[in-house]
Amino acid sequence: MSVSSAGTGALNPAALLDAENLRADVDAAVTAHLGRLAAEVSAISPSAEAMVGEAAGLLMGGKRLRAAFCYWSFRAHGGSPDPLDPARVATVRVGAALELFQAAALLHDDVMDNSDTRRGRPTAHRSFAARHADAGWAGEPGRFGDAAAILLGDLVLLAAQRELSAALAQLPSDVAEAARARFDAMQSEVVVGQYLDVLVQAEPWGEDPASDEERARKVLRAKSASYSVAAPLALGALLAGAGARAAAGIEAAGQPLGEAFQLRDDVLGVFGDPAVTGKPAGDDLREGKRTVVVARTLALLPDVDGPEATTLTAALGDRGLSDEDVARVREVIVRSGALDAVEQLIADLAVRAHALLDLADLSEPGRGVLTDLAHAAVDRAA
34 MSVSSAGTGA LNPAALLDAE NLRADVDAAV TAHLGRLAAE VSAISPSAEA MVGEAAGLLM
94 GGKRLRAAFC YWSFRAHGGS PDPLDPARVA TVRVGAALEL FQAAALLHDD VMDNSDTRRG
154 RPTAHRSFAA RHADAGWAGE PGRFGDAAAI LLGDLVLLAA QRELSAALAQ LPSDVAEAAR
214 ARFDAMQSEV VVGQYLDVLV QAEPWGEDPA SDEERARKVL RAKSASYSVA APLALGALLA
274 GAGARAAAGI EAAGQPLGEA FQLRDDVLGV FGDPAVTGKP AGDDLREGKR TVVVARTLAL
334 LPDVDGPEAT TLTAALGDRG LSDEDVARVR EVIVRSGALD AVEQLIADLA VRAHALLDLA
394 DLSEPGRGVL TDLAHAAVDR AA
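Just so we're aligned: the sequence shown equals residues 34 to 415 in the working numbering.
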């Protein structure tokens with residue numbers, strides 16, 4: 034699919050990802066890597082082949098937004114669309130590495146959050162636990178499932194490193210070194226962000242809602258905003274050979290956009306349609322996530338010890354929360370004004386991101402597609 038120099042405002046999000054054959058090329062790179070991984074794992078032991086099957090099930094369901102931000106930043110900074118151009122080939126493979134890294138992060142995240150579903154299917158640790166129970170193996174199925182999913186996450190993380198190394202091997206050394214450094218920094222940011230997420234679940238909560246909200250925003254900035262948007266944008270600029278200054282400029286736009294992207298996830302975690310999100314309604318509440326939505330609700334309620342606050346706090350971490358319970362919590366959030374406030378925060382962050390995109394020295398059609406991708410990342414239902 035081609036794109037015009039005027040941008041792609043009329044295209045839907047799926048069409049944005051299909052432009053210039055990007056999704057198909059990234060899918061092909063991921064599939065090729067999984068094929069090599071399957072052969073390697075099978076040669077070690079056929080008993081471990083289920084690991085690659087679980088990885089494939091997760092990886093084939095992604096939106097490819099991270100790969101798209103990377104690729105269209107590459108194009109906006111002068112990168113060629115020629116499928117045979119080495120820099121374009123490398124950028125597609127870096128996009129595949131980003132998808133593999135995200136899968137590894139999700140595998141670990143689902144264990145930490147004790148999640149039941151991901152993209153409409155059982156999470157890996159639940160699937161492994163069911164395999165254990167069905168076979169009647171020794172030990173506790175849940176512990177086996179957690180251990181297997183953690184190891185699978187490690188295996189997919191190694192796959193991401195291999196794909197990245199193979200991608201960068203065909204580029205000039207200065208470009209490869211800069212891209213490797215940014216990818217490595219992104220990984221550290223996500224791991225630290227994951228720890229901060231675990232920490233915020235353990236620390237006292239509810240005594241100072243303003244402080245709670247700031248802690249929640251620090252978590253999403255470190256854990257999600259960087260690797261979802263900011264780092265892919267920076268990587269695209271570096272892979273195009275645009276240099277550190279251009280990469281920093283586009284990354285500055287990616288930071289508020291990445292935060293808005295994750296805030297949209299937080300809203301969908303409470304208000305999303307399960308048929309669209311692939312997760313049960315209110316799953317973030319059952320998992321006890323301390324999000325900006327929760328913190329803002331507690332800040333806006335007139336009585337922190339009143340019945341509405343109790344309804345909300347009692348729901349956090351309640352695995353048995355019914356759909357009716359979720360509906361009551363939604364009512365509390367809406368009546369408090371927190372949903373409108375978070376929507377306004379998302380809008381403000383998006384405006385800041387678009388303003389910074391407008392200031393960046395970008396060429397068409399990349400500029401137009403990046404603008405449309407920014408809208409798609411925030412104005413979405415899944």
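Glycine is no exception: its CB is placed at the ideal position from the N, C-alpha and C atoms. This structure is a prediction, so every number in the text was calculated from the model and none was measured.
Just to confirm, are A62 and R126 a CB contact at a threshold of 8 Å?
Position 29 of the sequence shown holds residue 62. Position 93 of the sequence shown holds residue 126. Yes, these two residues count as a Cβ contact at 8 Å.
Flag this pair as yes or no: are the beta carbons of V262 and A410 separated by less than 8 Å? Indexing the sequence shown from 1 puts residue 262 at position 229. Indexing the sequence shown from 1 puts residue 410 at position 377. Yes.
**Item:** Below-8 Å beta-carbon distance, D179 vs any chain D residue
**Value:** The structure shown contains no chain D; it holds only a single protein chain.
Next item on the list: Kindly indicate the opening and closing residues of the alpha helix (DSSP H) around G68.
Entry: Here residue 68 refers to the residue found at position 35 when the sequence shown is read from its first residue. Per DSSP, G68 belongs to the alpha helix (DSSP H) from L55 to I77.
### Query
For A281, which residues from the same chain have a beta carbon less than 8 Å from its beta carbon, with the 5 sequence-adjacent residues on both sides left out?
Within the sequence shown, residue 281 is the residue found at index 248, counting from 1. Result list for A281: A267, in chain order.
Per-residue DSSP class, three states only, for A43: Locating residue 43 in the sequence shown gives position 10, counting from the first residue. Here A43 scores only 44 on pLDDT, less than 50, and its place in the model is too uncertain to base an answer on.
Quiz item: Apart from the five residues just before and just after G40, which ones in its own chain have a Cβ nearer than 8 Å to its Cβ?
Solution: For the purposes of this step, residue 40 is taken as residue 7 along the sequence shown, with counting starting at 1. A caution first: G40 carries a pLDDT of 45, below 50, which makes its placement in the model unreliable, though a value can still be read off. Contacts found: E397, P398, R400, G401, V402, T404 and D405.
Notebook entry, point to check: For the alpha helix (DSSP H) that G311 lies in, which residues bound it at each end?
Noted result: For this step, residue 311 is matched to residue 278 along the sequence shown. Counting along the chain, G311 falls outside any alpha helix (DSSP H), and DSSP gives it neither H nor E.
Contact between the region 360-377 and the region 313-328 is defined here as three or more beta-carbon pairs at a separation below 8 Å; is this criterion met? yes
ask   = Should E236 be counted as a contact of the ligand FAD given a C-beta to heavy atom distance under 7 Å?
value = Of ligands this structure carries none, so the ligand FAD is not represented either.
Checklist entry - Which partner residues of T150 appear in the DSSP bridge assignment? => result Taking the first residue of the sequence shown as position 1, residue 150 is located at position 117. T150 pairs with P155.
For this session: Assign R278 to one of two classes, buried (16 or more other C-beta atoms within 10 Å of its C-beta) or exposed (fewer than that).
Result: Your numbering for residue 278 matches position 245 in the sequence shown. R278 comes out exposed.
**Prompt:** Roughly how far, in whole angstroms, is the beta-carbon of A386 from the beta-carbon of A407, given that I think they are within contact range, below 8 Å?
**Reply:** Residue mapping note: residue 386 aligns to position 353 of the sequence shown, counting from 1. Residue mapping note: residue 407 aligns to position 374 of the sequence shown, counting from 1. That belief holds up - the Cβ atoms of A386 and A407 are roughly 6 Å apart, short of 8 Å.
**Item:** Close-in-space but distant-in-sequence residues of the same chain around L301 (CB under 6 Å, 5 per side omitted)
**Value:** Here residue 301 refers to the residue found at position 268 of the sequence shown. Around L301: T310.
**Asked** In three-state terms, what does DSSP make of K251?
**Response** Along the sequence shown, read from residue 1 onward, the residue named residue 251 stands at position 218. The answer is helix: DSSP assigns K251 an H, G or I state.
Practice item. Mind checking which residues open and close the alpha helix (DSSP H) that includes T324? Key: Here residue 324 corresponds to residue number 291 of the sequence shown, with the count starting at 1. Where T324 is concerned, there is no enclosing alpha helix (DSSP H), given that its DSSP letter is neither H nor E.
Assign G175 to one of three DSSP states: helix, strand, or coil.
Residue mapping note: residue 175 aligns to position 142 of the sequence shown, counting from 1. The answer is helix: DSSP assigns G175 an H, G or I state.
**Counted within 10 angstroms of its Cβ, other Cβ atoms place L140 as buried (16 or more) or exposed** = Reading the sequence shown from its first residue, position 107 is the one you call residue 140. With 16 or more Cβ atoms within 10 Å of its Cβ, L140 is classed as buried.
Given 8 Å, three or more beta-carbon pairs between the region 164-172 and the region 249-256: no
task: Could you spell out where the alpha helix (DSSP H) holding Y228 opens and where it closes?
output: Counted from its first residue, the sequence shown places residue 228 at position 195. Y228 -> alpha helix (DSSP H) spans S206 to A235.
If you count every other CB in all the chains shown that lies within 10 Å of the CB of Q220, and 16 or more means buried, which is it?
Here residue 220 is taken as the residue at index 187 of the sequence shown, counted from 1. Label assigned to Q220: buried.
Q) Taking all protein chains shown into account, do 16 or more other C-beta atoms lie within 10 angstroms of the C-beta of D299, making it buried, or fewer, making it exposed? A) Walking along the sequence shown from the start, residue 299 turns up at place 266. Counting Cβ neighbours within 10 Å, D299 comes out buried, since at least 16 surround it.
For this session: Report yes or no: do three or more beta-carbon pairs, one from the region 87-99 and one from the region 173-192, lie closer than 8 Å?
Result: yes
| M84 lies in the alpha helix (DSSP H); which residues open and close that run? | One-based indexing of the sequence shown puts residue 84 at position 51. Note, M84: alpha helix (DSSP H), E82 to L92.
Query raised in the report: Can A123 and L55 be called in contact, C-beta distance under 8 Å?
Result: In the sequence shown, residue 123 corresponds to position 90, counting from 1. In the sequence shown, residue 55 corresponds to position 22, counting from 1. No, these two residues do not count as a Cβ contact at 8 Å.
Query raised in the report: How close, in whole Å, do the beta carbons of A109 and L395 come, if the pair is a contact with beta carbons under 8 Å?
Result: For the purposes of this step, residue 109 is taken as the residue at position 76 of the sequence shown. For the purposes of this step, residue 395 is taken as the residue at position 362 of the sequence shown. Confirmed, Cβ separation roughly 4 Å.
For V189, does the three-state DSSP call read helix, strand or coil?
The sequence position of residue 189 within the sequence shown is 156, counting from 1. V189 falls in the helix class under three-state DSSP.
Self-check item: Candidates A328, L201, E240 and L191, of which the one nearest A273 by Cα
Solution: Along the sequence shown, one-based indexing puts residue 273 at 240. Closest option to A273, Cα to Cα, is L201.
Worksheet item: Of all the options G95, V233, R297 and K256, which has the alpha carbon lying nearest to the alpha carbon of D373?
Response: Your numbering for residue 373 matches position 340 in the sequence shown. Nearest of G95, V233, R297 and K256 to D373, Cα basis: R297.
Who are the Cβ neighbours of R97 in its own chain at under 8 Å, not counting the five residues just before and after it? Reading the sequence shown from its first residue, position 64 is the one you call residue 97. Here the set comprises L50, L55, R56, V59, D60, G128 and E132.
Rounded to whole angstroms, what is the Cα-Cα separation between F107 and E341?
Numbered from its first residue, the sequence shown carries residue 107 at position 74. Numbered from its first residue, the sequence shown carries residue 341 at position 308. Their backbone Cα atoms lie some 49 Å apart in a straight line.
_Cβ-Cβ separation, D149 to P155 (assumed contact under 8 Å), whole Å_ = Counted from its first residue, the sequence shown places residue 155 at position 122. Counted from its first residue, the sequence shown places residue 149 at position 116. About 7 Å; that satisfies the 8 Å criterion.
| query | Run through DSSP, which three-state label would Q194 get? | reply | Position 161 of the sequence shown, counted from the first residue, corresponds to residue 194. Looking at Q194 - three-state DSSP - the assignment turns out to be helix.
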